[in-house]
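Down below is the structure, laid out as structure tokens.
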Amino acid sequence: MIKDSQLFQPFSEKPIRLMGDAGEWLGSFELNLDSDTLLKFYRDMLRARLFDERLLLLHRRGQVSFVAPSAGHEAAQVAVAAALKPKKDWVFPYYREPGLLLALGVPAVELFGQAMATRADPNRGRQMPAHPGSRDFNVFTVASVIASHLPPAVGTAISMKVRNTGEVVVASFGDGATSEGDFHAGLNFAGVQGAPIVFVCQNNRYAISVEYHKQTAAETIASKAEAYGLPGYLVDGMDVLACFFVMREAVARARQGFGPSLVEMQVYRLGPHSSADDDTRYRPVEEVETWKTRDPLARMHRFLAHRGLWSREEDLALRTEIEREFRQAVEDAQRAGAVPLEWMFEDVFAELPDHLREQRRDLL
Amino acid sequence: MIKDSQLFQPFSEKPIRLMGDAGEWLGSFELNLDSDTLLKFYRDMLRARLFDERLLLLHRRGQVSFVAPSAGHEAAQVAVAAALKPKKDWVFPYYREPGLLLALGVPAVELFGQAMATRADPNRGRQMPAHPGSRDFNVFTVASVIASHLPPAVGTAISMKVRNTGEVVVASFGDGATSEGDFHAGLNFAGVQGAPIVFVCQNNRYAISVEYHKQTAAETIASKAEAYGLPGYLVDGMDVLACFFVMREAVARARQGFGPSLVEMQVYRLGPHSSADDDTRYRPVEEVETWKTRDPLARMHRFLAHRGLWSREEDLALRTEIEREFRQAVEDAQRAGAVPLEWMFEDVFAELPDHLREQRRDLL
Amino acid sequence: MGLATIVQTIAHTLDEEMRRDDRVVILGEDVGKRGGVFLATEALFQKYGPDRVIDTPLSEAAIIGAAVGMAVHGLRPVAEIQFADYIFPGFDQLVSQAAKLRYRSGGQFSAPMVIRMPAGGGVKGGHHHSQSPETHFVHTPGLKVVYPSTPHDTKGLLKTAIRDDDPVVFMEPKRLYRAIKEEVPEEDYCIEFGKAHLRRKGDDVVLVSYGATMAETLKAADALHEQGISAEVIDLRSLLPWDKTTVCRSVARVGRVVLVSEAPRMANFMSEVSATLTEEILDALLAPPIRVTGFDTPYPYAYDREYLPGPNRILKAVQKVLSY
Amino acid sequence: MGLATIVQTIAHTLDEEMRRDDRVVILGEDVGKRGGVFLATEALFQKYGPDRVIDTPLSEAAIIGAAVGMAVHGLRPVAEIQFADYIFPGFDQLVSQAAKLRYRSGGQFSAPMVIRMPAGGGVKGGHHHSQSPETHFVHTPGLKVVYPSTPHDTKGLLKTAIRDDDPVVFMEPKRLYRAIKEEVPEEDYCIEFGKAHLRRKGDDVVLVSYGATMAETLKAADALHEQGISAEVIDLRSLLPWDKTTVCRSVARVGRVVLVSEAPRMANFMSEVSATLTEEILDALLAPPIRVTGFDTPYPYAYDREYLPGPNRILKAVQKVLSY
Ligand SMILES: Cc1ncc(C[n+]2csc(CCOP(=O)(O)OP(=O)(O)O)c2C)c(N)n1
Ligand SMILES: Cc1ncc(C[n+]2csc(CCOP(=O)(O)OP(=O)(O)O)c2C)c(N)n1
Ligand SMILES: [Mg+2]
Ligand SMILES: [Mg+2]
């Protein structure tokens, strides 16, 4: 099933990198992306970072009940979005991916609306924060149950194959998710069917407090692809260019009918697991500090500056612009108003059955 | 964790073989087993074969409701038993393994008793045929739910490790079982814990009617070991010597604290999936005929004959002896008598709770 | 389609629905060449090919989960779980994904799919080929649960299930698969969920059941008839929604009721029926509703008929409500 | 041990039991260094090390399954499922292995183990951090099910659970984890399963509940008291076995009962209680037993307090049974 790789080899020992720590190009080929594309990567990453910061602020003010910060994952998420055709391809994300959704074009107001359970949430306030979804953008609404979105993602990909639609699915998840039976069930079925899907693991080396070596004895997540007859790519997930080029190739291969692949993006969660977590209980501060020096945003900043594409002033201006956008989006999300109580009984089924009609009547 | 292998390399492209089709020794080392051991292998394989035949007879007579024939799997099963210390090591078998239990020493009368649900069944008639288990021999009672015994097997192995008992677990299953989430959960946890367990897959290339290439896109089951940081061995499962030597090494490694391994034994189910199956619906007759020429019993017979250890006459005598043993065992199993109706309510809990006492009273 | 058994009706109905709507696909273990271990999908693989009749790897989570994803993308999957007992390795996909998708997404996504499964005991299958897990499904908001007892109802309910916009657990009475043959109409008909079927009219006692135990319930009704006792017999046909109106109406009129289900007793679905009857029509009850159910043990191999609520146990219960 | 919350009592009791019996081991996600996401295993890793407090990979099937195997081999595992909602990926191990092992092996093997899980809503967790799956467990022969509501009972019931020879699902009222502080006796004591606790004596109506909704039920009782209505309040404490004797005795005396549980209504455990009451003491009922439960929707994020059977809904039900 696997087409000969064009640029990258699966199962490499070291992570694929295209950008050095100082922001230098490491690729063996000529970088053929225009500056708009490069700048968009940076912009999308910055939006992701600032989105989280805004959420944390709202959390401190008591307006949002929960946050799962994604700082450190931005390069990976933005690269995934960039490799897809928005509104055509499908995405099955997990809970730590505002950057992915924003980069796909999902309006910030919807994401803030989701976090605050207002009418701005197309999911109608049914779930806790960090569980967005958008029919408009073919983004399958997040479920909390780790890895449970993978078998459905494969089903959608099989449907695409059977009906020959030319669409592709990306399904993403953390390192912890790879231990669930659903990971196994999904990847194995996808392999058998040669379905057009790319599995993306954002390996931040922790599942809440559980370190990678307690999660699995496999050297890499990428190596797990072999068990399903898939190519597995190991990528520096804090290198937006490496993530993008590998994803572009994997998506193209899926689209052309050469089947699924698994991409491991090595990232690091710069913050705690969530607003309910205290990561100093299980992570040495020095470790966190070391990883902070590899911040994917700073690295891309250096890359752009290196090429004369970006200045401090432009950066400040962009931050101000995004902050303004988000302030407005939060305001709009709030102004949309709380979801009404009677919605509690809707969408259990396509039509309201008698027993729910009775229960609604009893409550209201 | 993995100790350097002494005789065999994991992840070989071709199955490990030690005995040629004509029964010739293929090993690169001197065969150092005495003739008693070699003859016991053959004897145990023959007992397995004849046990199944006896069950099929009982099935035809309506005395047994179900049979899952193991012809073709005998070499694999007998080799596993031979590699273990009976009553010390633990075995978590699946339903197609009478040969394994018999070779471990489980009395035939208990297995027939299980198949006929008489008092001779230490499991008290609670399950359908092909679901034996024996506390005396540390054989975990089979459950029908495919692969569901693997996480428990790992738990037992972790307990052995934690308490440093020097025992080892073998858990066996079919190719179909490798698709279940429980396979994944079990092997992954075992890998992390470095538990003393050997996973044995009897890959007969079918899960009822589903062919191997619809089961997984992985080239081999052995290759799946990589996903868990384990060595995976690919073995000719109809070569009792290859199975034995690989198992002996894997068991020794586990016992010495070097962790788990996965052994794939390539076998073929010479009969239908079960007495309820019609395999001509999905398997070409020619395929079955081809595999029949590789019958593990015939091969071992040739091997022994080759070395002057076995004759036609001895074979006939042995058959007669085993037939007599089994006829007697069936008779004993039947004479033990049907399990009493009131047993239905026992062993749900250690003690009979009130609600079951009431239900028993209502029925009896 | 002439005289047919339940299992023949399933294969036939699936064929009709696949012909009618090319979004309908089948997936499961051994549903392809083998036609299913009970032959409920016989000949469909040969007719519709591997893209519409998909043999899956041995993973119930993959089957149910993939069906969810297919449904989300516009197909109408009919998944087969080989035995109801094997729903459990895929239970999370059923309860966390299929059942909750419409709700959690605010109606943006939904999973119109059918999960077929042969259920119930009496076939010498021991505890993993005999269970009746319907209560687990009924207790999961977001699932519809159907359980026919005749070939005629099987056709009409299966069509409704396939055309329904929500996930439907379609339970099949495996010990009746080949036990009943009846005339099944040729035409295309659907049977609405939540409408019970009055199988007998009667005035002395009401017997309520569904699925496989309908056979035992009808036998009991026949035996009562011989004793001059007239039993009204209600076949629920669907458990979610269930037909409260019909059951309450009959019981209110007759005053005595026996509830029959072979699932374990503790928190059995019939507890719901009983509790509802008390809440709704306490004063019309001339005797307590009595449940006749499976026992609270794992399903046993030996004496698997004795485990089931057979006619004798039903008659004993009727005796009790009549003499109350 | 002085004044303690429920979650502190759990950590303390686990510590005592681990000290008493070195076969007791803990396993689960984040139970190690982190001490559990709710700190229910705080400091135990530091004290007992990685062989007795095992951080597992993220797989509930691995957790429950491995616990079964450990128990079979002689350990006494206490498994933590991080939220009751996440029992479902491990549900098959629970119902097919843990629950049925003793039975299917004729008593040769057994799985004495505890599966702890924080359950229930009201913590803004949306539908996958709020569920109350107890009915699924009660309906599974072979499992015991316990659900304390106070620090005192938590200690006594958890000790009984750990020393019990069968698998015990130990549900913990997560919204009460830190809400109640009470004096917990220093000494070693066990509370027998199947013995309800009479939390209030009263003559006008009986309120039956368990676990997290005990808080709401007691609030309702207090409000009734102010209105001059005296409510008898029963805390079931264990659901399997459940204390039929105490409940029937109280209800037979008082004649009116309201049953409170936050799980979805359809086939809720309280249906079993209601059905049993009718079967046993129909003639003593002055009004129908009324169930006040969660709604038959997935657990919602918005209005998650309204979803719960709060004091107001309980009072409305009491009004109904009193005015019947
Ligand atoms: C089935 C299941 N079990 C447990 C949890 C609780 N939980 C939430 S996040 C998490 C860790 C996930 O780690 P990982 O997959 O590595 O993703 P990360 O948070 O590191 O990005 C856990 C255990 C859950 N949501 N689902
Ligand atoms: C969870 C589960 N799903 C389905 C079944 C029904 N079933 C029984 S045997 C079998 C095939 C097993 O194939 P494999 O693991 O290859 O073992 P083999 O029978 O070939 O030796 C199936 C699907 C089952 N027992 N358990
Ligand atoms: Mg992680
Ligand atoms: Mg097989």
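Protein chains in written order, with this note's numbering: chain A, 1 to 364; chain B, 1001 to 1364; chain C, 2001 to 2324; chain D, 3001 to 3324.
Don't be surprised by glycine CBs; every beta carbon is placed ideally from N, CA and C.
Any chain F beta carbon closer than 9 angstroms to residue i
i: A/K161; result: Although the question refers to chain F, the structure presented lacks it and instead comprises the protein chains A, B, C and D.
Residue i versus residue j: straight-line alpha-carbon distance, rounded
i: B/Y1268; j: B/W1291; result: 7 angstroms
i: A/R283; j: A/A207; result: 12 angstroms
i: B/H1184; j: A/G181; result: 6 angstroms
i: B/P1122; j: B/F1137; result: 11 angstroms
i: B/R1119; j: D/K3124; result: 55 angstroms
i: C/P2311; j: C/T2217; result: 6 angstroms
i: B/H1149; j: B/Q1114; result: 19 angstroms
i: D/G3028; j: D/R3116; result: 10 angstroms
i: D/G3036; j: D/D3015; result: 14 angstroms
i: C/V2292; j: C/M2266; result: 11 angstroms
i: D/D3164; j: D/P3112; result: 6 angstroms
i: C/V2184; j: C/A2043; result: 20 angstroms
i: D/G3211; j: A/L57; result: 35 angstroms
i: B/A1190; j: B/I1016; result: 24 angstroms
i: D/L3244; j: C/A2275; result: Here the sequence assigns Lys to residue 3244 of chain D, which means Leu is not the residue at that position. Looking at the two C-alpha atoms, the distance is approximately 16 angstroms.
i: B/A1076; j: B/L1026; result: 18 angstroms
Contact test: residue i Cβ vs ligand 1 heavy atom, cutoff 8 angstroms
i: D/F3083; result: yes
i: A/D369; result: Given a span of 1 to 364 for chain A in the structure shown, any question on residue 369 of chain A remains unanswerable.
i: A/S148; result: yes
i: D/D3030; result: yes
i: A/H213; result: no
i: A/P86; result: no
As assigned by DSSP and simplified to three states, the class of residue i
i: D/Y3103; result: helix
i: C/L2198; result: strand
i: B/E1264; result: strand
i: A/M1; result: For A/M1, the pLDDT reaches just 45, beneath the cut-off of 50, and the residue's location in the model is therefore unreliable, although a value from the coordinates is still provided. A/M1 falls in the coil class under three-state DSSP.
i: C/E2029; result: coil
i: A/R360; result: helix
i: C/K2144; result: strand
heavy atom of ligand 2 below 8 angstroms from residue i C-beta
i: B/V1145; result: yes
i: D/Y3086; result: no
Distance cut-off 8 angstroms: residue i Cβ against heavy atoms of ligand 4
i: B/R1281; result: no
i: A/Q256; result: no
i: B/R960; result: In the structure displayed, chain B extends from 1001 to 1364; residue 960 of chain B sits before or after that span and is not available.
i: B/L1202; result: First, the residue type needs correcting, since residue 1202 of chain B is Gln and not Leu in the sequence shown. True, at least one ligand heavy atom lies under 8 angstroms from that Cβ.
Of the listed residues the options, nearest to residue i (C-alpha basis)
i: B/D1036; options: B/G1337, B/G1259 and B/R1307; result: B/R1307
i: A/E294; options: A/K161, A/G72, A/L31 and A/A336; result: Checking the sequence shown, residue 294 of chain A turns out to be Arg, not Glu. Checking every option, the nearest Cα to that of A/R294 belongs to A/G72.
i: C/G2261; options: C/G2294, C/V2254, C/I2229 and C/F2193; result: Correcting the residue identity first, residue 2261 of chain C is Ser in this sequence and not Gly. The candidate whose alpha carbon is nearest that of C/S2261 is C/G2294.
i: A/F199; options: A/R253, A/V240 and A/H213; result: A/R253
i: D/F3045; options: D/P3057, D/A3084, D/L3058 and D/A3011; result: D/A3011
i: A/S311; options: A/T216, A/L352, A/Y42 and A/V240; result: A/Y42
i: A/G257; options: A/V162, A/D175, A/L270 and A/Q215; result: A/V162
i: A/E110; options: A/R96, A/M19, A/F92 and A/P132; result: A/P132
Would you list the residues whose beta-carbon is nearer than 6 angstroms to any heavy atom of ligand 3, in the order they occur in the chain? A/G174, A/D175, A/G176, A/N204, A/Y206 and A/A207
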